[in-house]
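**Student:** Residue numbers (my numbering): 124 to 248. Structure provided below as structure tokens; questions to follow.
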């Protein structure tokens, strides 16, 4: 299928690890050690034989995947309802087939776990 694609989501510029610039307008994003390990493993993983490649953008690019989650979460994408009524509930964000389980505490959001979006089961572990 390779349809065009390419140009999506490039120009981050100057990003680097936790430059703290987001703190002025949004949340500070932290990754648990487990989530960072899981993200590295997912980005490196080869799909089982005969399976299509799951990741389209972040394959072999865990730093870019982490930066994309940081950028999305720093802006606090939760709805007003979620911020007010269920602020302590885990928040799920999916980028490129990777589900991140996050928790917002004040102005800090922690990515606790990451896993591949699984079509079949909808378990909540």
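Backbone N, C-alpha and C define an ideal beta-carbon position, used for all residues, glycine too.
Quick check on residue 211: buried or exposed, where buried means 16 or more other Cβ atoms within 10 Å of its Cβ?
**Tutor:** Under the 10 Å beta carbon count, residue 211 is surrounded by fewer than 16 other beta carbons and is classified as exposed.
**Student:** Between the C-alpha atoms of residue 161 and residue 225, what's the straight-line distance to the nearest angstrom?
**Tutor:** 14 Å
**Student:** Determine the direct distance from the alpha carbon of residue 214 to that of residue 232, and round the result to whole angstroms.
**Tutor:** 10 Å
**Student:** Leaving out five residues before and five after residue 185 in sequence, what residues of the same chain have Cβ atoms less than 6 Å from its Cβ?
**Tutor:** Here the set comprises 162, 163 and 166.
**Student:** If you drop the 5 nearest sequence neighbours on each side, which residues of the same chain put their C-beta closer than 8 Å to that of residue 189?
**Tutor:** 154, 159 and 162
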